[in-house]
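Asks:
Protein chains in written order, with this note's numbering: chain A, 1 to 566; chain B, 1 to 135.
1. Does the region 439-446 of chain A come within contact of the region 81-88 of chain A, defined as at least 3 CB pairs closer than 8 Å?
2. On the premise that residue 539/A lies in contact with residue 513/A, defined as a C-beta separation below 8 Å, what is that separation, rounded to the nearest angstrom?
3. Please determine, among 315/A, 240/A, 227/A and 380/A, the residue with the shortest C-alpha to C-alpha distance to residue 272/A.
4. Roughly how many angstroms separate the alpha carbons of residue 53/A and residue 413/A, rounded to a whole number?
5. In chain order, what are the residue ranges of uninterrupted beta strand (DSSP E) at least 3 long that sit wholly in the region 136-194 of chain A?
6. Tell me whether the region 367-380 of chain A and the region 58-74 of chain A touch, counting them as touching only if at least three CB pairs, one residue from each stretch, are closer than 8 Å.
7. Between residue 140/A and chain B, is the shortest Cβ-Cβ distance under 7 Å, so that the two count as touching?
8. What did DSSP end up calling residue 68/B once you bin it into helix, strand or coil?
9. Just checking, does the region 296-307 of chain A make contact with the region 414-423 of chain A on the three C-beta pairs under 8 Å criterion?
10. Just mark residue 320/A as buried or exposed, buried being the case when its beta carbon has 16 or more other beta carbons within 10 Å.
11. Residue 290/A bridges to which residues according to DSSP?
12. Going by DSSP in three states, residue 218/A sits in which element: helix, strand or coil?
13. With 8 Å as the C-beta to C-beta threshold (strictly closer), list the residues of the region 117-142 of chain A near chain B in chain order.
14. What's the C-alpha gap between residue 247/A and residue 392/A?
15. Do residue 115/B and residue 340/A have their C-beta atoms closer together than 7 Å?
16. Which class does residue 364/A belong to by DSSP, given the choice of helix, strand or coil?
17. Check whether the Cβ of residue 453/A lies closer than 7 Å to any Cβ atom in chain B.
18. Taking 7 Å as the CB-CB cut-off, is residue 564/A touching chain B?
19. From the DSSP output, which residues share a beta bridge with residue 53/B?
20. Could you work out which residues of chain A lie near residue 16/B, taking near to mean beta carbons separated by less than 7 Å?
21. Between residue 361/A and residue 72/B, how many whole angstroms is the CB-CB distance? I'm expecting something under 8 Å.
22. Can you confirm whether residue 445/A, when its beta carbon is compared against all beta carbons of chain B, has any partner nearer than 7 Å?
23. Pull up the CB-CB distance for residue 390/A and residue 354/A, whole angstroms please, since I reckon it's below 8 Å.
24. Hey, is residue 75/B's beta-carbon within less than 7 Å of any beta-carbon in chain A?
25. Got a sec: is the Cβ-Cβ distance from residue 10/B to anything in chain A below 7 Å?
26. Just verifying my parser: in three-state terms, what is the DSSP assignment at residue 524/A?
27. Buried or exposed, going by whether 16 or more other CB atoms sit within 10 Å of the CB of residue 333/A?
28. Give me the Cα-Cα distance between residue 232/A and residue 258/A, rounded to the nearest whole angstrom.
29. Quick check for students: name the residue ranges of the beta strand (DSSP E) that lie wholly in the region 84-135 of chain B, counting only runs of 3 or more.
30. Look up residue 420/A in the DSSP assignment and say whether it is helix, strand or coil.
31. Could you check if residue 70/A is buried or exposed, using at least 16 other CB atoms within 10 Å of its CB as the buried criterion?
32. In whole angstroms, what is the alpha-carbon distance linking residue 274/A and residue 55/B?
33. What is the DSSP secondary structure of residue 242/A, counted as helix, strand or coil?
34. If you draw a straight line from the alpha carbon of residue 92/A to that of residue 141/A, how long is it in whole angstroms?
35. Looking at residue 175/A: is its Cβ nearer than 7 Å to the Cβ of residue 166/A?
36. Please report the straight-line C-alpha distance between residue 200/A and residue 267/A, rounded to a whole angstrom.
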């Protein structure tokens, strides 16, 4: 230690001498390009990082080894030397038939995991024939109205061999029940079913805004699915705690991480309160982060994320099982960083973002396609996005060693600074009474609105350069060809199917199942006899529609109306 | 000039789309530019937006849609304004709108479309030069 301190003292002296004799005269001759340098999130960046910035750095405490707490260097002992990350591309549009074809194509290309994009009516728990669904059916994802659609969606796909990720939140329990019912029909036992539900309702209130019910019953649904998963589906991830949408809504990197971790804490606390031991469910929690443009800030964010979560799970929640300490994460390149101008430049942006995700040690990655500022991707554009990951995986050599940026004075300093600022936010949220209360008070929402407005102002002032938008603008641009989706045609087919379904099913059985569900939703014993998942499954098996099931909850719990925060 | 009231703009999110970053940025920028801004919040049907516009006596409606449903929602709002005799309210919009949709939208009566990457100052200038207070 004393040797270290002596060494640091020597470095500080040498740095002073360098500044006086070398740097200052150079700056006098030619000043730097800017007075200060900041990350895209506004975090200040110093000129040079040296061991003096890491004066009290402790290798085993702060970094440790891959697969060991605090997991700064990665969650698995061999990381990408053992197994590459999962290249999981989000897909879905139009009718269940169309998306089924797309899934079969992706599996034929060697993809082992599916990721379902649902359309907005499905995400909001409306059937395709609801008035609010006009113009939206099948448009930004696949339309699923009942188990009949889910059966078509996974027709011919052996669900014991693939894992399926479903981006669905307010109606997550219902869509999950539909998926499980398809598995039952295929004869796949529950303990063989693997996949992920996004099911992160807090970030809906904060950022993506696909909430339906008020906070309390929304949290109840999440905990209900965690309990059901812990009991019956050991290979399922019931919640994917998501920062992606928080970032897309305009947050900084630090806010993204802090609010996501705070959301995760809320789920852990609520589930423990429902009577489950932390180690019975924490190993199945997973995460989902954004990868934005600022290369090193993003890498630091992933490293800090693992450290913060491990400390929280061990120290605050007393988790004993090391698997409970792991922050395993999916990542997606930042949609909001893409530009409609000169869209081919997006391929370059996505490559750099994807590289940051890999150097950050993620477990799974979706890369955006170049045309996604304007429409769902064409097959060609989506293929380039997948190839980008394959090039990083197989051509660059960055996977040959674990955490190649570890030990960089800059990266370690930045990782530490991100972590410190995240703790500051977490303390503030504790002071507000936890994340559910903070969301009720609009705290994270306001922080994000402010950050996004600040960012927009820096872009408009030209302080933040966006190539092709506020610098290096092209006079005339050749438009790229886009995927066209006709929602009227899809809606027509879906509405006809709903009518056929309602005419052909046992409507008495549906009513009975919905009545049982209603009693449970209104019941007083949420973690005992009024558990929802078994009753949702009954209703789904009877071919109740998504809108009917969500309608029961809407009536029982009411709907959330957001106070406008500008 | 001094007796004129401020230009009133309704910033609205039609349909199910929850992406409100752009709507909020533009609402704030309009407010900072001196306009009176009313923000509808999310999940508004065309009927709700038109009622709010008439009730609030606005001069213009700025629509934001990122779900791809603009081809139904935007023209429907213009149609309802006409039905209710309020077609002097100028309707403009923005979001993830492909260039090839713009001509159709303009034919349907949407006065201007702002595509991704538009600076807020462009939208502010547009309002200043094109929006007059309704008689």
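The C-beta atom is built at its ideal place from N, Cα and C for all residues, glycine as well. All figures in this text were calculated on a predicted structure; none of them were measured in a lab.
Replies: Answer, in terms of the structure:
1. no
2. Here residue 513/A is taken as the residue at index 513 of the first chain, counted from 1. Here residue 539/A is taken as the residue at index 539 of the first chain, counted from 1. Their Cβ separation, rounded to whole angstroms, is 4 Å, which keeps residue 513/A and residue 539/A in contact under 8 Å.
3. Residue mapping note: residue 272/A aligns to position 272 of the first chain, counting from 1. Measuring from the Cα of residue 272/A, the nearest candidate turns out to be 227/A.
4. Counting from one through the first chain, the residue named residue 53/A turns up at place 53. Counting from one through the first chain, the residue named residue 413/A turns up at place 413. Looking at the two C-alpha atoms, the distance is approximately 7 Å.
5. 163-167
6. no
7. Translated into positions along the first chain, residue 140/A becomes position 140. Yes, residue 140/A counts as interfacial toward chain B.
8. Translated into the one-based positions of the second chain, residue 68/B becomes position 68. Looking at residue 68/B - three-state DSSP - the assignment turns out to be coil, as it is neither helix nor strand.
9. yes
10. Mapped onto the first chain, residue 320/A falls at position 320. Residue 320/A comes out exposed.
11. In the first chain, counting from the first residue as 1, residue 290/A sits at position 290. 332/A.
12. For the purposes of this step, residue 218/A is taken as residue 218 along the first chain, with counting starting at 1. Three-state DSSP puts residue 218/A in a helix.
13. Interface annotation for the region 117-142 of chain A against chain B: 120, 121, 123, 124, 126, 131, 132, 133, 134, 135, 136, 139 and 140, criterion Cβ-Cβ distance under 8 Å.
14. Residue numbering aside, residue 247/A sits at position 247 when the first chain is read from its first letter. Residue numbering aside, residue 392/A sits at position 392 when the first chain is read from its first letter. Straight-line Cα distance between these residues: approximately 24 Å.
15. Here residue 115/B is taken as the residue at index 115 of the second chain, counted from 1. Here residue 340/A is taken as the residue at index 340 of the first chain, counted from 1. Yes.
16. Stepping through the first chain from its first residue, residue 364/A is reached at position 364. Residue state, collapsed to three classes: strand.
17. By 1-based counting over the first chain, the position of residue 453/A is 453. Closer than 7 Å: yes.
18. One-based indexing of the first chain puts residue 564/A at position 564. Yes, because at least one Cβ of chain B sits closer than 7 Å to the Cβ of residue 564/A.
19. Taking the first residue of the second chain as position 1, residue 53/B is located at position 53. BP columns for residue 53/B are empty, so no partner.
20. Reading the second chain from its first residue, position 16 is the one you call residue 16/B. Neighbours of residue 16/B in chain A, taken as residues whose beta carbon is under 7 Å from its own, are 120, 121, 124, 132 and 136 in chain order.
21. Locating residue 361/A in the first chain gives position 361, counting from the first residue. Locating residue 72/B in the second chain gives position 72, counting from the first residue. Actually they do not touch by this definition, with Cβ atoms about 43 Å apart.
22. The residue you call residue 445/A lines up with position 445 of the first chain. Under the Cβ criterion of 7 Å, residue 445/A is not counted among the residues facing chain B.
23. In the first chain, counting from the first residue as 1, residue 390/A sits at position 390. In the first chain, counting from the first residue as 1, residue 354/A sits at position 354. The pair is not a contact, with the Cβ atoms about 10 Å apart (cut-off 8 Å).
24. Indexing the second chain from 1 puts residue 75/B at position 75. Contacts with chain A at 7 Å (Cβ-Cβ) do not include residue 75/B.
25. To locate residue 10/B, count along the second chain from 1; it is residue 10. No, residue 10/B does not count as interfacial toward chain A.
26. In the first chain, counting from the first residue as 1, residue 524/A sits at position 524. Coil at residue 524/A, not helix or strand.
27. Translated into positions along the first chain, residue 333/A becomes position 333. Looking at its Cβ environment, which holds 16 or more other Cβ atoms inside 10 Å, residue 333/A is buried.
28. Position 232 of the first chain, counted from the first residue, corresponds to residue 232/A. Position 258 of the first chain, counted from the first residue, corresponds to residue 258/A. Roughly 31 Å between the two C-alpha positions.
29. 90-95 and 112-114
30. In the first chain, the residue the question calls residue 420/A occupies position 420. Correct three-state label for residue 420/A: helix.
31. On the first chain, residue 70/A is found 70 positions in, with the first residue counted as 1. By the 10 Å Cβ count, residue 70/A comes out buried.
32. Start at 1 with the first residue of the first chain, and residue 274/A comes out as number 274. Start at 1 with the first residue of the second chain, and residue 55/B comes out as number 55. Cα to Cα, residue 274/A sits roughly 47 Å from residue 55/B.
33. Position 242 of the first chain holds residue 242/A. Three-state DSSP puts residue 242/A in a strand.
34. Working through the first chain from its first residue, we reach residue 92/A at position 92. Working through the first chain from its first residue, we reach residue 141/A at position 141. Roughly 5 Å between the two C-alpha positions.
35. The residue labelled residue 175/A in the question sits at position 175 within the first chain. The residue labelled residue 166/A in the question sits at position 166 within the first chain. Cβ atoms of residue 175/A and residue 166/A: closer than 7 Å.
36. Translated into the one-based positions of the first chain, residue 200/A becomes position 200. Translated into the one-based positions of the first chain, residue 267/A becomes position 267. Taking the straight line from one Cα to the other gives about 9 Å.
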